[in-house]
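2 protein chains.
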Amino acid sequence: MDVKAYMTQLGQQARAASRQMAKANTGVKNAALIAIAEAIEAQREALTAANQIDLDNGRNNGLEPAMLDRLELTPARIDTMIEGLQQVAALPDPVGEISDMNYRPSGIQVGKMRVPLGVIGIIYESRPNVTVEAASLCLKSGNATILRGGSESINSNQAIARCIAQGLEQAGLPHSAVQVVETTDRAAVGELITMPAYVDVIVPRGGKGLIERISNDARVPVIKHLDGICHVYIDAEADPQKAIDIAINAKTHRYGVCNAMETLLVHSAVADLILPKLAQLYAEKGVELRGCEQTRAIIDCVSATEADWQTEYLAPILAIRVVDDLDAAIDHINQYSSQHTESIITENYTLARRFLAEVDSSSVMVNASTRFADGFEYGLGAEIGISTDKIHARGPVGLEGLTSQKYIVLGDGQIRV
Amino acid sequence: MDVKAYMTQLGQQARAASRQMAKANTGVKNAALIAIAEAIEAQREALTAANQIDLDNGRNNGLEPAMLDRLELTPARIDTMIEGLQQVAALPDPVGEISDMNYRPSGIQVGKMRVPLGVIGIIYESRPNVTVEAASLCLKSGNATILRGGSESINSNQAIARCIAQGLEQAGLPHSAVQVVETTDRAAVGELITMPAYVDVIVPRGGKGLIERISNDARVPVIKHLDGICHVYIDAEADPQKAIDIAINAKTHRYGVCNAMETLLVHSAVADLILPKLAQLYAEKGVELRGCEQTRAIIDCVSATEADWQTEYLAPILAIRVVDDLDAAIDHINQYSSQHTESIITENYTLARRFLAEVDSSSVMVNASTRFADGFEYGLGAEIGISTDKIHARGPVGLEGLTSQKYIVLGDGQIRV
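Protein sequences appear in the order of chains U and D.
Per this note's numbering, the first sequence starts with residue 1, numbered consecutively.
Per this note's numbering, the second sequence starts with residue 1001, numbered consecutively.
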């Protein structure tokens, strides 16, 4: 197979389909989403059978249990895929929204119209349900999509692709609006990320290694999410109960997620009061603590090294540092944060306002758990990822992040003088 | 000189300064802009003397007259620089704007805050006034800047840099908030565009060759403007006078600008009526016409080749094509446009609405000259460039395009359940 020719063909088809998708009205796009949901419901057995092939191959190839778990399409996960499609159908359509129309002295009226990005390339690892999630968000936002899933889920992804094609066709949309790459050849990824004529943006979903590789090699813009080294700062004027509730929730609600707290900063004035209680609660949950010297003078824990401040544990481990004021907390965050999500716990108005303004992360919070940094919790309906980039979209990326705004100008014959 | 070490140092200083700039309030930033204007006014003689060195070197090195013209800091251009600074000081500050604060079912309140991008690298060619224009927009939007001008304007740029440093210092802002690269070594550009730790976005200003090179080699996002192959489509239901006024203005108001029309599309039903009048007016202005076969059946002109549809002439040359309907016009535009600016001339509501929705360019107009695609005309106050990219910012990029939005979350102790 000539991978370059094949990917070029997918790209050309996607570009052509993107023009149709940009014109498709909300009703048609919603009908396609519902038809895809119905096709998945009708083809549960075929999906499960295809997934079983992937699972068998995975076991034979010695895939780790965690990978096999992510690969599996359980009945509950198929239900979730169907519900997700229905939810995306129910979301408002961002495309075509006109805003800020103002008259200028020349007599022209200038404003902005929200438009799809065009063709979105999605590169992901083993979870086959990403195929439906990503396709549905791109479809609703009027984009064409090229999906490249992990090679270990190829049969599952192809089966899902057939459901998507059926739903698109039923709604009268071009089936190349959503294309799943059929080859497992790794060269396909290299082509996909270097076709600026056919692909407008790449969204990689997966581990930091994958995302760094793609960002380095891409010749099209990448909406990327690297790591989540999130901080909670307990200020001297924190409400102790809020501080404890949030510090426990942000670390222990789920360990393997990007919005979990990895480093806790505590003001020296309240460290004696707060840290012993927290240490006891963390111990009950089996969280290993690694503290700075001041922390270790108060509670019993191992010594934190420079590496700890830079680590996204994704595990029941927490680094703790005692700081002397807000500036020291912000300095620590600016130095070590991955600019994902940080929260201050305080009752002090001025410090809360400074933290919001001065912390340069995609989500900055006051008196709330970092675990809220999520498209559903923010009301975006769904998310294609959480961007730690600074341009285009920061934080959870929903339908709006898959669009941009062009200028529109209404005149009645104006010329420039 | 160790260029890598030098550029790394500039980057580190810029990153540190960007934190100060992000905190600087509107009054302080405006005071710096005014102080820079005053420093330029006070140092007119020094600026002119430094510029004279560049002009002499340029002449000795055989620079073309057009390049020498762009390089020259005339008294009028110094006036314009001073006025530009005063205008940017008068613009609203985009930083800190909070929008869309909504309560979520969990009780948290979620919205967005507009924030600077951080460090912006500007790469430009000979015009030294860009140094002040770019620096003032980055300063007002709370960013630190590293400016790399053309080597032929190094003395002028250094003299301007001294005025900027003086103004920053006077306002109490770090002078490394605006740094002008002091070496003319080309390796400095290579370093600047591959320091993602220190530079958040690159804005290249110059010819297409420069911008393509930078886009290819950059490892940080680039806000870029490639070419402007702009179209005007005269529909069957166009008001003939508006059509003629706009077609003449869009082509002949200025030839060397990116928002000039390069291809005129005319509906076949009105070609007989419109083209002879236009041909006469263009002939009076010395515009060479290159037409499709249908055009040549109506007016006398040379034959347009495939290359003509793909060319940004930046000259008194116009390609003309007769089309049979709106779909054919949109197909032509989608195939050949550089997605800069297109305008339809029509009195038909439905066709105007379709053109606005379906043409995928950064500015789409109805009954207005493409020459309006400009930051000043759109009311942005000033522009750092016109983006033909699809993500982050499309069209004229003003202060807002030099910022992005982070999420802010206000809670009173909420945890994720």
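For glycine and all other residues, C-beta sits at the position ideal for the given N, C-alpha and C.
For residue i, which residues in the same chain have their Cβ closer than 6 Å to its Cβ, ignoring the five residues on either side in sequence?
i, result
"residue 454 of chain U", "Limits of chain U in this structure are 1 at one end and 417 at the other, which puts residue 454 of chain U out of reach."
"residue 1261 of chain D", "1230, 1232, 1250, 1251 and 1370"
"residue 1373 of chain D", "1259, 1341 and 1363"
"residue 1085 of chain D", "1033, 1036, 1037 and 1136"
Quick one: grab the DSSP three-state call for residue i.
i, result
"residue 1181 of chain D", "coil"
"residue 1340 of chain D", "coil"
"residue 1245 of chain D", "helix"
"residue 1414 of chain D", "strand"
"residue 1195 of chain D", "coil"
"residue 100 of chain U", "strand"
"residue 4 of chain U", "helix"
"residue 362 of chain U", "coil"
"residue 290 of chain U", "strand"
"residue 1175 of chain D", "helix"
"residue 1367 of chain D", "strand"
"residue 1407 of chain D", "strand"
"residue 1232 of chain D", "strand"
"residue 251 of chain U", "helix"
Going along the chain, which residues of its own chain have a beta-carbon closer than 7 Å to the beta-carbon of residue i, five neighbours each way excluded?
i, result
"residue 1041 of chain D", "1082"
"residue 1094 of chain D", "1114, 1141, 1399, 1400 and 1403"
"residue 1091 of chain D", "1140, 1381 and 1399"
"residue 1053 of chain D", "1155"
"residue 1198 of chain D", "1011, 1012, 1014, 1015 and 1119"
"residue 1393 of chain D", "1223, 1387 and 1401"
"residue 1240 of chain D", "1273 and 1274"
"residue 286 of chain U", "316"
What distance in whole Å lies between the Cβ atoms of residue j and residue i, which are believed to be in contact at a cut-off of 8 Å?
i, j, result
"residue 1173 of chain D", "residue 1067 of chain D", "In fact, because the Cβ distance is near 34 Å, the residues do not count as touching under 8 Å."
"residue 406 of chain U", "residue 112 of chain U", "7 Å"
"residue 1387 of chain D", "residue 1365 of chain D", "That belief does not hold up - the Cβ atoms of residue 1387 of chain D and residue 1365 of chain D are roughly 17 Å apart, past 8 Å."
"residue 1275 of chain D", "residue 1298 of chain D", "5 Å"
"residue 89 of chain U", "residue 34 of chain U", "6 Å"
"residue 1182 of chain D", "residue 1175 of chain D", "Contact doesn't hold; Cβ gap of about 14 Å is too wide."
"residue 1288 of chain D", "residue 1317 of chain D", "5 Å"
"residue 135 of chain U", "residue 32 of chain U", "So it is not a contact: roughly 10 Å between Cβ atoms."
"residue 367 of chain U", "residue 277 of chain U", "No, residue 367 of chain U and residue 277 of chain U are not in contact; Cβ-Cβ is about 18 Å, not under 8 Å."
"residue 302 of chain U", "residue 290 of chain U", "5 Å"
"residue 1306 of chain D", "residue 1330 of chain D", "With a Cβ gap of about 19 Å, residue 1306 of chain D and residue 1330 of chain D do not count as contacting."
Taking C-beta pairs closer than 9 Å, name the residues in chain U that residue i reaches, listed in chain order.
i, result
"residue 1126 of chain D", "Simply none; closest approach about 26 Å."
"residue 1078 of chain D", "Within chain U, no residue comes near residue 1078 of chain D; the closest Cβ sits about 26 Å away, beyond 9 Å."
"residue 1115 of chain D", "357, 360, 390 and 394"
"residue 1104 of chain D", "372, 377, 378 and 379"
"residue 1246 of chain D", "411, 413, 414 and 415"
"residue 1023 of chain D", "354, 357 and 358"
I want to verify the contact list: residues of chain U whose CB lies under 8 Å from the CB of residue i, in sequence order.
i, result
"residue 1363 of chain D", "406, 407, 408 and 409"
"residue 1253 of chain D", "415 and 416"
"residue 1118 of chain D", "360 and 390"
Got a sec? Which residues, its chain only, sit under 8 Å from residue i by beta carbon, not counting five neighbours each side?
i, result
"residue 1058 of chain D", "1067, 1068, 1071 and 1152"
"residue 157 of chain U", "128, 131, 147, 149 and 180"
"residue 109 of chain U", "101, 102, 103, 409, 410 and 411"
"residue 1087 of chain D", "1381 and 1382"
"residue 1254 of chain D", "1260 and 1371"
"residue 1178 of chain D", "1135, 1138, 1139, 1144, 1145, 1147, 1161, 1164, 1165 and 1168"
Using a Cβ cut-off of 7 Å, pull out every chain D residue sitting near residue i, in sequence order please.
i, result
"residue 249 of chain U", "1415 and 1416"
"residue 92 of chain U", "None at all; the shortest Cβ gap to chain D is about 14 Å."
"residue 110 of chain U", "1378 and 1379"
"residue 157 of chain U", "Near residue 157 of chain U there are no residues of chain D at all, since even the closest Cβ is about 26 Å away, more than 7 Å."
"residue 201 of chain U", "1391"
"residue 121 of chain U", "Ordered by position in chain D, no residue passes the 7 Å Cβ test against residue 121 of chain U, which lies about 13 Å from the chain."
So with CB distances below 8 Å, who are the chain D contacts of residue i?
i, result
"residue 224 of chain U", "Within 8 Å Cβ-Cβ: nothing; residue 224 of chain U doesn't reach chain D, min ~11 Å."
"residue 239 of chain U", "1413"
"residue 242 of chain U", "1412 and 1413"
For residue i, return the contacting residues in chain U, with the cut-off set at a CB-CB distance below 7 Å.
i, result
"residue 1368 of chain D", "108, 409, 411 and 414"
"residue 1019 of chain D", "334"
"residue 1221 of chain D", "221 and 391"
"residue 1096 of chain D", "357"
For the ligand FAD, any of its heavy atoms closer than 6 Å to the Cβ of residue i?
i, result
"residue 352 of chain U", "Annotation note on the ligand FAD: not contained in the displayed structure, which lists no ligands."
Any contact between the stretch 212-228 of chain U and the stretch 189-197 of chain U? By contact I mean 3 or more CB pairs, one from each, below 8 Å.
The stretch 212-228 of chain U, when compared against the stretch 189-197 of chain U, does touch it at the 8 Å Cβ threshold.
Does the contact criterion of 3 or more C-beta pairs under 8 Å hold for the stretch 1055-1075 of chain D versus the stretch 1347-1358 of chain D?
Proximity of the stretch 1055-1075 of chain D to the stretch 1347-1358 of chain D falls short of the contact definition, fewer than three beta-carbon pairs being nearer than 8 Å.
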